[in-house]
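In order, the protein sequence lines correspond to chains A and B. As numbered in our numbering, residues 3 to 517 make up the first sequence, in order. As numbered in our numbering, residues 3 to 517 make up the second sequence, in order. Here the structure comes first, spelled out in structure tokens, and everything after it is commentary.
There are 2 protein chains.
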Amino acid sequence: MSLDQTPRRRRRRKQENHNKVTGCQAPVRQLVNPFRPIEILSEDQLESVHQASLTILRDTGIDFFLPEACDRLKKAGAIVEPGSTRVRFDPHMVESFIGLAPEVVEVHARNPERSFKLGERYISFGNVSSPPNVSDTINGRRSGNHIDFRNFLRLSQYYNIITFIGGYGVEPTDWHPSIRHLKATQDFIKFTDKAYHAYSLGRQRNLDVIEMTRIARGLDQAQMQSQTSLMTVINSNSPLQLDKVMLEGIIEMSSRNQLVILTPFTLAGAMAPITLAGALALQNAEALAGLIFTQVVKPGAPFVYGGFTSNVDMHSGSPAFGTPEYMKTAVAGGQLARRYKLPYRSSNVCAANAVDSQSAYESVFSLWGAVMGGANLVKHAAGWMEGGLCASFEKFVIDIDNLQMLASFFKPIRVDEDELAIKTIAEVGPGGHFFATEHTKARYRDAFYAPIISDWRNFETWQEAGSPTAVDKARDVFQQVLAGYEPPPLDQAIAEELDEFVERRIREGGVKTDF
Amino acid sequence: MSLDQTPRRRRRRKQENHNKVTGCQAPVRQLVNPFRPIEILSEDQLESVHQASLTILRDTGIDFFLPEACDRLKKAGAIVEPGSTRVRFDPHMVESFIGLAPEVVEVHARNPERSFKLGERYISFGNVSSPPNVSDTINGRRSGNHIDFRNFLRLSQYYNIITFIGGYGVEPTDWHPSIRHLKATQDFIKFTDKAYHAYSLGRQRNLDVIEMTRIARGLDQAQMQSQTSLMTVINSNSPLQLDKVMLEGIIEMSSRNQLVILTPFTLAGAMAPITLAGALALQNAEALAGLIFTQVVKPGAPFVYGGFTSNVDMHSGSPAFGTPEYMKTAVAGGQLARRYKLPYRSSNVCAANAVDSQSAYESVFSLWGAVMGGANLVKHAAGWMEGGLCASFEKFVIDIDNLQMLASFFKPIRVDEDELAIKTIAEVGPGGHFFATEHTKARYRDAFYAPIISDWRNFETWQEAGSPTAVDKARDVFQQVLAGYEPPPLDQAIAEELDEFVERRIREGGVKTDF
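Shown next, in the form of structure tokens:
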């Protein structure tokens, strides 16, 4: 075997050939957004929103639909009438809970190279999560199922720009809800080596997923409780309600130092006031209530401030995404999160029904709000369509290209003698060309971001090639990535322990449902 | 006639019905970008780029292909060998010309309501300019002609978000170049009441357009020379060349206080170094050389710093737009312009061949670079495709929607008691709905931006409606706007004087060409 034929080299060759068809791939690394977040609220306005939230929490209060939660909050100083679900908070109590949660959180993946940090200028991207439908231009639009669910996992594992598995790429509705969390989490662990999400849909489901994560990471119980390895999105049921399963999720997750991403779904004009200031005040009140409860459960439990405020079409009531209002609240949400020194979550969302210009501009506007607003965690970063009702394979790949472009935008411009190229400019001189210079030759391979989707050929060449649009190219790419997918290594003993756990829990009926 | 039937009311009704099909329309106003520009270069790096430009101007110099220009520069202190076109500048000389051009420029339109300011945080948008081809999904792609040229003028006049006419929406190639500028400018004045662009394609063409503009605005010669009413883009022929017609353009425009937008076309890897720092140093050297010449011609002449640096596909040499590199140089270009206290020009560009996701994400990324980079003047803001080789009617309308969204993004969030809606939140309470509240009813008509293109219907309703994509909607809209177009009023005497001028100049043969 010649030196050139080592397995590593062969693997690299294979990888290079694969990349020719599927486009470039970002390296595995912790992304840092170098840009200072922009601001849309003045200091005074920010304070007014904060004060309004305190007033809402004091005078109106929030329904906590779990007696255990009401009891714990009452003990911690909240005002709860006997037998009531309504919890009110004195402003001093609220203020006393700000600053307990960590400013930076490290989320551990089973592959340590895939662990990532949240907070400061760190930014991480997760795949689309939870749509009931899935589509591609080969088989059309269909209900979520475990085959497509697995394919989204494969794509999410393949692309390094996807930092974490934010949930089910599409709901595997062919798996019964009593066992869905077991089978889906088993797949998370087998198909990917990234950190992932646990749906808070009842205490036992959280406990099952926490246990599976402990097994996957090869930790004992104490280690599991000291390392954040799992995240859950807690949606308040706006306005001003936290449901039983969400509160159970906070209890099981926060008590074990697992990550809670509290995201009020405050649609201005529907579940929130039609004014952006009012919608933000409501979002903020709900986020602070959630923050307090996590810190009551365990002081110092990791917490992410989630912003998801958007507007609705006032004629139809349909939610809208990637709108100017969405961008504004994404930026304002970041200011609120930073006021509380909390990591900030935003999203890459659109309302489009087709993978067309609308899906692209709404998505990039969403990313604009998220990135310039200083988001640390961007959910639904690849594949989201139809306001979350559908996941698209083609949109997934187009979004990946856009995220990789942002990662390239984040790389600083190097400025030194070599890069300023004064000598080369002098050599080339007026009217010359830089193409053939040594300066260019030494750099041309990786000077610029090489896109997956963008077609830069001239019109005639492009037309001769069959006039492929972005969707056509994305269709080819996602199929090729799926064909070339290889699962990440998993320790045999861990795999067996995991399988035994899942088999046992399925034999036990999983989590009983009434359907 | 009842009160309800006044002509004004009837006109408003007609307008409202028209708007139902063509979507909302931004009001006529001077847009202000409220966001502090982001920065990609540190202060030190910015200074290094500046110093590199000074070195290039001192050691390599620039070719000025017009003896008159060389003579004037030599008199002003530049180093020019006898009989040579090469002009070198001492750094002290360069520094002494910085700060002479105005920080804010008012550009006067023939309709004073359409005049606009450049500089500080003002931002203005112009239509796509100069593509040789035009396309729509009805008649396909074709060569530029005066019918399509006029239709772009109609669209550009109709949409208030288009501040100025940046050039020919598409080249009217069916008008001979000897008379094209006369007929096209005549149409600028008759089809629109906005300020517009004069191509610098030889001294006489500039003089003709300046005279037509004087007539259109009803000014005498002295007034015309004291009010900036016309703009010209001066492209340096990178690297380091300024062609004869461009220099003649500067002489005729700057001497009369008309606006020069100096834009080096520095494609990294082709006409500029492959490194972004090198491409920026070259761009900056060329911009400073142009600045100096305008100020030699007339100290205080209005000048805009243009940034157009992008990268090329290193395999094919094709230019790329809306790339991460493009965004980075757009942001850095803004920093350079502000260092010299000059208004900044950027663009809304893409390389896509189809009005698909690529055309949208590349465009929004371009706008991201422009807006967050602090651009005051955004050229090609609506309709640009194929790296500038084609103008698309559908893309024009989609871009208009995106620009209007940005204008809405720029509107501050109001924060006061009414807007914070604490009382309404208390009234609605946990689990309620805001749709039917008085607070919502009083605001629902214009609380949110109403898009022209974005389709927010759910999938089923959208599918029943025939699954229209963004392009389908844009096709309907541009046709309806064209059908409803009404030319702006023009004083009869001015129209006659203009027609006489154009007829006379055409009789004279316009500007003689050798073809």
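For glycine and all other residues, C-beta sits at the position ideal for the given N, C-alpha and C.
- Per DSSP, A/Asn135 forms a beta bridge with which residues? The partner list for A/Asn135 (beta bridge, DSSP) reads A/Ser145 and A/Cys392.
- Item | Burial state of B/His317, where buried means 16 or more other Cβ atoms lie within 10 Å | Classification of B/His317: exposed, given that the 10 Å Cβ count is below 16.
- Over the uninterrupted beta strand (DSSP E) stretch that includes A/Arg90, give me the two end residues. Per DSSP, A/Arg90 belongs to the beta strand (DSSP E) from Arg88 to Arg90.
- Task: Under 7 Å Cβ to Cβ from B/Pro489, same chain only, skipping five residues before and after it: list those, please.
- Result: Answer for B/Pro489: Lys192 and Phe193, listed in chain order.
- Minimum C-alpha distance to B/Pro69 - residue among B/Gly204, B/Cys352, B/Arg88 and B/Gln53: When each option's Cα is compared against that of B/Pro69, the closest is B/Arg88.
- Message: Closer than 8 Å is the cut-off here; do at least three beta carbon pairs connect the region 85-100 of chain B with the region 307-327 of chain B?
- Response: With a cut-off of 8 Å, the region 307-327 of chain B and the region 85-100 of chain B do not count as touching, because too few Cβ pairs lie within range.
- Residues of chain A with CB under 7 Å from B/Ser50, in chain order? Correct list: Val417 and Leu422.
- Query: Mind checking whether A/Ile42 and A/Lys330 have CB atoms under 7 Å apart?
  - Reply: Yes. Within cutoff.
- Message: Quick check on A/Arg531: buried or exposed, where buried means 16 or more other Cβ atoms within 10 Å of its Cβ?
- Response: Residue 531 of chain A is absent from the model: chain A starts at 3 and stops at 517.
- Query: Can you list, in chain order, the residues of the region 222-248 of chain A whose Cβ is nearer than 7 Å to any Cβ on chain B?
  - Reply: Here the close residues are Pro241, Leu242 and Gln243.
- Report the neighbours of B/Trp464 on chain A: residues whose CB is nearer than 8 Å to its CB, in chain order. Residues of chain A with a Cβ closer than 8 Å to the Cβ of B/Trp464 are, in chain order, Asn355.
- Contacts of A/Val473 in chain B (Cβ-Cβ under 9 Å): Below the 9 Å Cβ cutoff, chain B contributes Asp358 and Ser359 as neighbours of A/Val473, in chain order.
- What residues in the region 323-341 of chain B bring their beta carbon closer than 7 Å to a beta carbon of chain A? From the region 323-341 of chain B, only Thr325, Pro326, Glu327, Met329, Lys330 and Ala334 have a Cβ closer than 7 Å to chain A.
- alpha helix (DSSP H) segment containing A/Arg507, residue limits: In this chain, the alpha helix (DSSP H) harbouring A/Arg507 covers Gln494 to Arg509.
- Message: What residue range does the alpha helix (DSSP H) around B/Ser238 cover?
- Response: Premise fails: B/Ser238 is in no alpha helix (DSSP H) and is neither H nor E.
- In terms of residues, what are the limits of the beta strand (DSSP E) holding B/Lys381? For B/Lys381, the enclosing beta strand (DSSP E) has its first and last residue at Leu379 to Ala384.
- Task: Mind checking who A/Ile81 pairs with in its DSSP beta bridge?
- Result: Answer is A/Arg90, bridged to A/Ile81.
- Query: Closest Cβ-Cβ distance between A/Val130 and chain B: below 7 Å?
  - Reply: Interface with chain B (7 Å Cβ-Cβ cutoff): A/Val130 is excluded.
- Query: Relative to chain B, which residues along the region 78-106 of chain A have a C-beta separation below 9 Å, given in chain order?
  - Reply: Taking 9 Å as the Cβ-Cβ cut-off, the region 78-106 of chain A approaches chain B at Thr87 and Arg88, given in chain order.
- Message: Please report whether the beta-carbon of B/Leu284 lies at a distance below 7 Å from any beta-carbon of chain A.
- Response: Yes, contact with chain A.
- Just the Cα atoms here: how many angstroms apart are B/Glu122 and B/Asn208? The straight-line gap separating the alpha-carbon atoms of B/Glu122 and B/Asn208 is approximately 28 Å.
- Item | DSSP three-state assignment for B/Phe118, whether helix, strand or coil | It is a strand residue.
- Item | Simplified DSSP assignment, three categories, for A/Leu338 | The answer is helix: DSSP assigns A/Leu338 an H, G or I state.
- Query: Is the shortest distance between the beta-carbon of B/Ser320 and the beta-carbons of chain A less than 7 Å?
  - Reply: Yes - at least one Cβ of chain A is within 7 Å of the one on B/Ser320.
- Task: Report buried or exposed for A/Asp150, applying the criterion of at least 16 other Cβ atoms within 10 angstroms of its Cβ.
- Result: Residue environment for A/Asp150: buried (at least 16 other C-beta atoms within 10 angstroms of its C-beta).
- Query: If you count every other CB in all the chains shown that lies within 10 Å of the CB of B/Asp448, and 16 or more means buried, which is it?
  - Reply: Counting of Cβ neighbours within 10 angstroms places B/Asp448 among the exposed residues, the total staying below 16.
- Item | 7 Å Cβ cutoff, B/Asp516 in contact with chain A | Closer than 7 Å: no.
- Query: What number of angstroms, rounded off, separates the C-alpha of A/Leu500 from the C-alpha of A/Met214?
  - Reply: Taking the straight line joining both Cα atoms gives about 6 Å.
- Message: Counting only C-beta atoms, is A/Phe461 closer than 7 Å to chain B at any point?
- Response: At least one chain B Cβ lies under 7 Å of A/Phe461.
- Three CB pairs or more closer than 8 Å across the region 390-401 of chain A and the region 248-260 of chain B: Taking 8 Å as the limit for Cβ pairs, the verdict is that the region 248-260 of chain B does not touch the region 390-401 of chain A.
- A/Ala384 versus chain B: which residues are under 8 Å apart at the beta carbon? In chain order: nothing, as chain B lies at least about 13 Å away.
- Message: Tell me the residue span of the beta strand (DSSP E) that contains A/Trp125.
- Response: A quick correction: the sequence has Ile, not Trp, at residue 125 of chain A. If you look at A/Ile125, you'll find it in the beta strand (DSSP E) that goes Tyr124 to Asn129.
- Same chain, Cβ closer than 8 Å to B/Ile212, neighbours up to 5 away in sequence not counted: Cβ-Cβ distances below 8 Å link B/Ile212 to Ala200, Met226, Leu232, Glu254, Met255, Arg258 and Gln260 in the same chain, with the five nearest sequence neighbours on each side left out; the list follows chain order.
- Task: Measure how close the beta-carbons of A/Val417 and A/Gly375 come, nearest whole angstrom, since I'm counting them as under 8 Å.
- Result: The C-beta separation of A/Val417 from A/Gly375 comes to about 28 Å, leaving the pair out of contact by the 8 Å criterion.
- Would you check if there are 3 or more beta carbon pairs closer than 8 Å linking the region 480-497 of chain B to the region 179-192 of chain B? Taking 8 Å as the limit for Cβ pairs, the verdict is that the region 179-192 of chain B does touch the region 480-497 of chain B.
- Message: For A/Lys343 and A/Pro104, what's the separation of their Cα atoms in angstroms?
- Response: Linking A/Lys343 to A/Pro104 through their CA atoms gives a straight-line distance of about 8 Å.
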